[in-house]
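Participant:
2 protein chains.
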Amino acid sequence: MSNNITISDVAEALGVSKTTVSRAISGKGRIGAATRKRVLEYIQEHDYKPNVIARGLAQSKTFNICVVMPGDYALVDLPFFQEAIMGIQEIAGMMEYDLLLCIGSGNDMAGLRRIIQNHKVDGVVLLRTMVDDPQVTFLQERRIPFVTAGSCKYKDVKQIDHDHRSACRELTSIMLMRGMKNMALLGGSEDIVVNQTRYAGVVDAHEQFGKKINDNLVFLNLEGKAYVEKAVDDAIDRGCDCLLCMDDAVCAQAMRRLRERHIKVPQQVKVASFYNSSVLENNVPSITSLSFDSKELGARACKNLLRQIEGEETENRTLLPYEVVLKESTQ
Amino acid sequence: MSNNITISDVAEALGVSKTTVSRAISGKGRIGAATRKRVLEYIQEHDYKPNVIARGLAQSKTFNICVVMPGDYALVDLPFFQEAIMGIQEIAGMMEYDLLLCIGSGNDMAGLRRIIQNHKVDGVVLLRTMVDDPQVTFLQERRIPFVTAGSCKYKDVKQIDHDHRSACRELTSIMLMRGMKNMALLGGSEDIVVNQTRYAGVVDAHEQFGKKINDNLVFLNLEGKAYVEKAVDDAIDRGCDCLLCMDDAVCAQAMRRLRERHIKVPQQVKVASFYNSSVLENNVPSITSLSFDSKELGARACKNLLRQIEGEETENRTLLPYEVVLKESTQ
DNA sequence: CTGAAAGCGCTTACAG
DNA sequence: CTGAAAGCGCTTACAG
Numbered sequence: 002m003s004n005n006i007t008i009s010d011v012a013e014a015l016g017v018s019k020t021t022v023s024r025a026i027s028g029k030g031r032i033g034a035a036t037r038k039r040v041l042e043y044i045q046e047h048d049y050k051p052n053v054i055a056r057g058l059a060q061s062k063t064f065n066i067c068v069v070m071p072g073d074y075a076l077v078d079l080p081f082f083q084e085a086i087m088g089i090q091e092i093a094g095m096m097e098y099d100l101l102l103c104i105g106s107g108n109d110m111a112g113l114r115r116i117i118q119n120h121k122v123d124g125v126v127l128l129r130t131m132v133d134d135p136q137v138t139f140l141q142e143r144r145i146p147f148v149t150a151g152s153c154k155y156k157d158v159k160q161i162d163h164d165h166r167s168a169c170r171e172l173t174s175i176m177l178m179r180g181m182k183n184m185a186l187l188g189g190s191e192d193i194v195v196n197q198t199r200y201a202g203v204v205d206a207h208e209q210f211g212k213k214i215n216d217n218l219v220f221l222n223l224e225g226k227a228y229v230e231k232a233v234d235d236a237i238d239r240g241c242d243c244l245l246c247m248d249d250a251v252c253a254q255a256m257r258r259l260r261e262r263h264i265k266v267p268q269q270v271k272v273a274s275f276y277n278s279s280v281l282e283n284n285v286p287s288i289t290s291l292s293f294d295s296k297e298l299g300a301r302a303c304k305n306l307l308r309q310i311e312g313e314e315t316e317n318r319t320l321l322p323y324e325v326v327l328k329e330s331t332q
Numbered sequence: 002m003s004n005n006i007t008i009s010d011v012a013e014a015l016g017v018s019k020t021t022v023s024r025a026i027s028g029k030g031r032i033g034a035a036t037r038k039r040v041l042e043y044i045q046e047h048d049y050k051p052n053v054i055a056r057g058l059a060q061s062k063t064f065n066i067c068v069v070m071p072g073d074y075a076l077v078d079l080p081f082f083q084e085a086i087m088g089i090q091e092i093a094g095m096m097e098y099d100l101l102l103c104i105g106s107g108n109d110m111a112g113l114r115r116i117i118q119n120h121k122v123d124g125v126v127l128l129r130t131m132v133d134d135p136q137v138t139f140l141q142e143r144r145i146p147f148v149t150a151g152s153c154k155y156k157d158v159k160q161i162d163h164d165h166r167s168a169c170r171e172l173t174s175i176m177l178m179r180g181m182k183n184m185a186l187l188g189g190s191e192d193i194v195v196n197q198t199r200y201a202g203v204v205d206a207h208e209q210f211g212k213k214i215n216d217n218l219v220f221l222n223l224e225g226k227a228y229v230e231k232a233v234d235d236a237i238d239r240g241c242d243c244l245l246c247m248d249d250a251v252c253a254q255a256m257r258r259l260r261e262r263h264i265k266v267p268q269q270v271k272v273a274s275f276y277n278s279s280v281l282e283n284n285v286p287s288i289t290s291l292s293f294d295s296k297e298l299g300a301r302a303c304k305n306l307l308r309q310i311e312g313e314e315t316e317n318r319t320l321l322p323y324e325v326v327l328k329e330s331t332q
């Protein structure tokens, strides 16, 4: 059952040329209906599969797309990447494309560079972009089709994103409407585009209510448990009545800290997170959060990329919807 | 800066043959030291990279390896897959191999089949095996080099695993020594090899102490929150003094249920988990668990696979060590 | 030590 | 409608 039968074998067995076989399969070029049928039946019966590598060489294509994910993500980011990849894979698979995984941080482009230089992929999807992203520049220079799943500040880059800004505005507005007076904001690295977008949403909401963010209660660039802990402590000391966590990593750690200090949620302080809380789903109390369909994001990104690869024009920017999910932590 | 320079260009520029250039790069075949130096310098300076696809075609190699992960994993399994993949990638990258991602469940082999038929990879690593695994059979038939990261019941399959059995025996023994009388066991699908192995370890420990497992307190095949909840309730009703969770998914859900019912850990019931608790790391109290180095597992698996691909002999089975990490939940 | 030539398994002008 | 031939960018016997 070793599948080493080639196009030549098929051609020979059928007494036709390789050209004919190739045409029957690809559907390109004129070919008699009868001949075509014969070829198709034969390859069906003998389970012939063209060697994609060889086809790739002839066509300068690989039928692979590269998905690059950062190597430094926390556990909490995993569901996003996983789901996005599932979405990408679903679409790619339908078009007979496979996924080449590239793991690297914003700065270390060694992996991506090698994959591109080795001509191993036809395009790439970036799963996280930094505010200044060398990967973006690199891909632009090389004229490699690519798309970012998530925000990207470069206007001419094809990008699919959730509407984080509106989502954060809406959730923040709800909290303001519920009479929160001292909202604290806990967030991660400002180098990551989406964190800036989320912040902008919070600002929007405040402006809308004619209020100002209390800078004493804004804690950004919280990288690691110790920082979150201190931020929570400071926020509480400064009399905050609501913790807005800009991602689930921060939220999980904040909840831990609150529990450690026996501070009751939502009685003493409300908590909300700006991201899907699948990571938080075993929390008691359950956490109010925003909800995004990451799989859909991946799928849309992949579709856009595939169209680019086929040489079609695609939209520069697509915004996907969101949901606000109110739960116990803000009651 | 488009990198379309080929071996012919290099040969021409240098006034040598393509053969010579090829030999200078690969290091195979006799070649004058001076010539070689000239070639190497030139390609260095002009940033020439051989087209791996073309080389692959000539050598019947792809320099890709397929990593297949199940599509149905829970959030809680993610860290394992992520870390294992990091380990694989690290080794693969060093040898200029890339990772082709294949997502499929035990039964749906469509993805793997296509990748193999399309000659897209030189070998595969299976990240989870079922007790009866069609993927294993498929790869054996096709004589594709492969390795499993994790246990596999087929003796002739190359596999790298942690010593789950000993680990579970040790942790269970510790709990028995501490005087637990009514240990409940909560676990996932028995179709997954590692779950069986873990169970065997628990049995070992009991035998060692001349005891028997109380079958009324064994809850397996707990797929989903509702099942875990019921199992926890039943276990408590039946007077268990210790919950042994066979994986972190189950443990996280069990903890949630205990918290909901205001049952104090470890005062009223002890809890331990048979896996790394990175998912549980924000738990209060902290959870006693086993600890395995999944990245190392991935790295070792990849090394074994690469050696197979090179045609070397490799060990059939490698067992990696573990640690028992005692924390608050069993104090 | 070096090179001409065939070959890896396809595709695609070009010619008929 | 069909095919012979060149080509994709490498590697590797074979010959010198």
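Same order as they appear, the protein sequences are chains A and B.
Per our numbering: the first sequence = residues 2 to 332.
Per our numbering: the second sequence = residues 2 to 332.
Here a beta-carbon is modelled for each residue, glycine too, at the ideal position from N, C-alpha and C.
None of these values were measured; they are calculated from a predicted model.
Pick from A:Cys-153, A:Arg-262 and A:Ala-253: whose alpha carbon is nearest that of Leu-223 (chain A)?
Facilitator: Position 222 of the first sequence holds residue 223 (chain A). The candidate whose alpha carbon is nearest that of Leu-223 (chain A) is A:Ala-253.
Participant: For Arg-260 (chain B), which residues in chain A fall below 8 angstroms Cβ to Cβ?
Facilitator: For this step, residue 260 (chain B) is matched to residue 259 along the second sequence. Residues of chain A passing the Cβ test: Val-285.
Participant: In whole angstroms, give me the CA-to-CA distance for Ala-25 (chain A) and Ile-44 (chain B).
Facilitator: Locating residue 25 (chain A) in the first sequence gives position 24, where the first residue counts as 1. Locating residue 44 (chain B) in the second sequence gives position 43, where the first residue counts as 1. When rounded, the distance between both Cα atoms is 41 angstroms.
Participant: Along the chain, where does the beta strand (DSSP E) containing Gln-332 (chain A) start, and where does it finish?
Facilitator: Sequence index remark: in the first sequence, residue 332 (chain A) carries index 331 (1-based). Taken as a continuous stretch (DSSP letters only), Gln-332 (chain A) belongs to no beta strand (DSSP E), as it is neither H nor E.
Participant: Could you pull the start and end residues of the beta strand (DSSP E) that Asp-99 (chain B) belongs to?
Facilitator: Walking along the second sequence from the start, residue 99 (chain B) turns up at place 98. Counting along the chain, the beta strand (DSSP E) containing Asp-99 (chain B) begins and ends at 99–104.
Participant: In the DSSP assignment, what are the bridge partners of Asn-65 (chain A)?
Facilitator: Counted from its first residue, the first sequence places residue 65 (chain A) at position 64. Asn-65 (chain A) is bridged to A:Asp-99.
Participant: Just how far apart, CA to CA, sit Thr-331 (chain A) and Cys-241 (chain A)?
Facilitator: The residue labelled residue 331 (chain A) in the question sits at position 330 within the first sequence. The residue labelled residue 241 (chain A) in the question sits at position 240 within the first sequence. Using only the alpha carbons, I get a separation of about 14 angstroms.
Participant: Quick check: the Cα distance between Arg-199 (chain B) and Lys-182 (chain B), rounded to an integer number of angstroms?
Facilitator: Position 198 of the second sequence, counted from the first residue, corresponds to residue 199 (chain B). Position 181 of the second sequence, counted from the first residue, corresponds to residue 182 (chain B). Looking at the two C-alpha atoms, the distance is approximately 20 angstroms.
Participant: Only counting runs of 3 or more residues, tell me where the beta strand (DSSP E) segments fall wholly within the segment 190–277 of chain A, in order along the chain.
Facilitator: Runs of the beta strand (DSSP E) inside the segment 190–277 of chain A: 243–246 and 271–274.
Participant: Quick check: is the beta carbon of Leu-41 (chain A) nearer than 7 angstroms to any beta carbon in chain B?
Facilitator: Start at 1 with the first residue of the first sequence, and residue 41 (chain A) comes out as number 40. It does not: the Cβ of Leu-41 (chain A) has no partner Cβ on chain B nearer than 7 angstroms.
Participant: Less than 7 angstroms between C-beta atoms, sequence neighbours within five positions excluded: which residues of the same chain meet that for Thr-315 (chain B)?
Facilitator: Position 314 of the second sequence, counting from 1, holds the residue named residue 315 (chain B). The residues are Lys-159, Asn-305, Arg-308 and Gln-309.
Participant: Between the segment 209–229 of chain A and chain B, which residues of the former have CB atoms less than 8 angstroms from a CB of the latter, in chain order?
Facilitator: Per Cβ criterion, the list is empty.
Participant: Are Asp-205 (chain A) and Met-131 (chain A) touching if we call contact CB-CB under 7 angstroms?
Facilitator: For the purposes of this step, residue 205 (chain A) is taken as the residue at position 204 of the first sequence. For the purposes of this step, residue 131 (chain A) is taken as the residue at position 130 of the first sequence. Not a contact, by the Cβ cut-off of 7 angstroms.
Participant: So, does the CB of Leu-101 (chain A) fall closer than 7 angstroms to a CB anywhere in chain B?
Facilitator: Residue mapping note: residue 101 (chain A) aligns to position 100 of the first sequence, counting from 1. It does; some Cβ of chain B falls within 7 angstroms.
Participant: Mind listing the chain B neighbours of His-120 (chain A)? Cutoff is C-beta to C-beta under 9 angstroms, in chain order.
Facilitator: Position 119 of the first sequence, counted from the start, is the residue given in the question as residue 120 (chain A). In chain order: Asn-4, Lys-50, Asn-52, Val-53, Ile-54 and Ala-55.
Participant: Between Gln-90 (chain A) and chain B, is the shortest Cβ-Cβ distance under 7 angstroms, so that the two count as touching?
Facilitator: Walking along the first sequence from the start, residue 90 (chain A) turns up at place 89. Closer than 7 angstroms to some Cβ of chain B, the Cβ of Gln-90 (chain A) qualifies, so yes.
Participant: With a Cβ-Cβ cutoff of 7 angstroms, do Thr-289 (chain A) and Lys-265 (chain A) count as a contact?
Facilitator: Mapped onto the first sequence, residue 289 (chain A) falls at position 288. Mapped onto the first sequence, residue 265 (chain A) falls at position 264. No; because the gap between Cβ atoms is not below 7 angstroms, this pair is not in contact.
Participant: Out of curiosity, what's the CA-to-CA distance linking Gln-209 (chain A) and Tyr-155 (chain A)?
Facilitator: Stepping through the first sequence from its first residue, residue 209 (chain A) is reached at position 208. Stepping through the first sequence from its first residue, residue 155 (chain A) is reached at position 154. For Gln-209 (chain A) and Tyr-155 (chain A), the distance between alpha carbons rounds to 27 angstroms.
Participant: Are the C-beta of Ile-104 (chain B) and some C-beta of chain A separated by less than 7 angstroms?
Facilitator: The residue you call residue 104 (chain B) lines up with position 103 of the second sequence. Yes, contact with chain A.
Participant: Measuring alpha carbon to alpha carbon, tell me which residue in B:Thr-36, B:Arg-144 and B:Asp-10 is nearest Thr-21 (chain B).
Facilitator: In the second sequence, counting from the first residue as 1, residue 21 (chain B) sits at position 20. Residue B:Thr-36 is the option with its Cα nearest to Thr-21 (chain B).
Participant: Using a Cβ-Cβ distance cut-off of 7 angstroms, determine whether Ala-253 (chain B) contacts chain A.
Facilitator: Translated into the one-based positions of the second sequence, residue 253 (chain B) becomes position 252. Taking Cβ atoms only, chain A reaches closer than 7 angstroms to Ala-253 (chain B), which makes this a yes.
Participant: So, using beta-carbon positions, are Ala-300 (chain B) and Ile-54 (chain B) closer together than 7 angstroms?
Facilitator: Your numbering for residue 300 (chain B) matches position 299 in the second sequence. Your numbering for residue 54 (chain B) matches position 53 in the second sequence. No, the Cβ-Cβ distance between Ala-300 (chain B) and Ile-54 (chain B) is not below 7 angstroms.
Participant: Using the Cβ count rule (16 or more neighbours within 10 Å means buried), how would you classify Pro-146 (chain B)?
Facilitator: Translated into positions along the second sequence, residue 146 (chain B) becomes position 145. Under this definition Pro-146 (chain B) is a buried residue.
Participant: Using the Cβ count rule (16 or more neighbours within 10 Å means buried), how would you classify Arg-31 (chain B)?
Facilitator: Along the second sequence, one-based indexing puts residue 31 (chain B) at 30. Exposed, because fewer than 16 other Cβ atoms sit within 10 Å of the Cβ of Arg-31 (chain B).
Participant: Distance check for Pro-51 (chain A) and Lys-19 (chain A), CA to CA, integer angstroms please.
Facilitator: For the purposes of this step, residue 19 (chain A) is taken as residue 18 along the first sequence, with counting starting at 1. For the purposes of this step, residue 51 (chain A) is taken as residue 50 along the first sequence, with counting starting at 1. C-alpha separation (whole angstroms): 12 angstroms.
Participant: Cβ closer than 8 angstroms: which chain B residues qualify as neighbours of Met-256 (chain A)?
Facilitator: On the first sequence, position 255 is the one that residue 256 (chain A) refers to. Those within 8 angstroms of Met-256 (chain A) in chain B are Asn-283.
Participant: Name the chain B residues whose beta carbon is nearer than 8 angstroms to that of Ile-44 (chain A)?
Facilitator: The residue labelled residue 44 (chain A) in the question sits at position 43 within the first sequence. Within 8 angstroms Cβ-Cβ: nothing; Ile-44 (chain A) doesn't reach chain B, min ~12 angstroms.
Participant: Excluding sequence positions up to five away, which residues of its chain have a Cβ less than 7 angstroms from the Cβ of Gly-112 (chain A)?
Facilitator: Against the first sequence, residue 112 (chain A) aligns to sequence position 111. If we look at Gly-112 (chain A) and ignore the five residues flanking it on each side, its Cβ neighbours are Cys-103, Ile-104 and Gly-105.
Participant: Buried or exposed: Met-176 (chain B), going by 16 or more other Cβ atoms within 10 Å of its Cβ?
Facilitator: Residue numbering aside, residue 176 (chain B) sits at position 175 when the second sequence is read from its first letter. Result: buried.
Participant: Hey, Cys-203 (chain A) and Leu-245 (chain A) are a contact pair by Cβ (cut 8 angstroms); roughly how many whole angstroms apart?
Facilitator: For this step, residue 203 (chain A) is matched to residue 202 along the first sequence. For this step, residue 245 (chain A) is matched to residue 244 along the first sequence. Reading the sequence as shown, one finds Val at residue 203 (chain A) and not Cys. Indeed they touch by this definition, with Cβ atoms about 7 angstroms apart.
Participant: In whole angstroms, give me the CA-to-CA distance for Phe-81 (chain B) and Ile-8 (chain A).
Facilitator: Along the second sequence, one-based indexing puts residue 81 (chain B) at 80. Along the first sequence, one-based indexing puts residue 8 (chain A) at 7. Between Phe-81 (chain B) and Ile-8 (chain A), the C-alpha separation is close to 42 angstroms.
Participant: Could you have a look at Ser-292 (chain B) and say whether DSSP puts it in helix, strand or coil?
Facilitator: What you label residue 292 (chain B) is simply residue 291 of the second sequence in a count that begins at 1. Three-state result, Ser-292 (chain B): strand.
Participant: Report all residues from its chain with a CB closer than 7 angstroms to the CB of Lys-226 (chain A); omit the five preceding and five following residues, and keep chain order.
Facilitator: Looking up residue 226 (chain A) in the first sequence gives position 225. Only Gln-254 meet the Cβ criterion.
Participant: Report the residue from B:Asn-196, B:Arg-179, B:Val-122 and B:Pro-135 whose alpha carbon sits nearest the alpha carbon of Val-251 (chain B).
Facilitator: As a first step, residue 251 (chain B) is located in the second sequence; it is residue number 250 there, counting from the start. Checked all of B:Asn-196, B:Arg-179, B:Val-122 and B:Pro-135; the closest Cα to Val-251 (chain B) is B:Asn-196.
Participant: How many Å lie between Ala-236 (chain B) and Ala-201 (chain B) at the Cα?
Facilitator: Taking the first residue of the second sequence as position 1, residue 236 (chain B) is located at position 235. Taking the first residue of the second sequence as position 1, residue 201 (chain B) is located at position 200. If I take the Cα positions, the gap works out to 20 angstroms.
Participant: Would you please verify whether the beta carbon of Leu-58 (chain A) is less than 7 angstroms from any beta carbon of chain B?
Facilitator: Residue mapping note: residue 58 (chain A) aligns to position 57 of the first sequence, counting from 1. Interface residue, yes.
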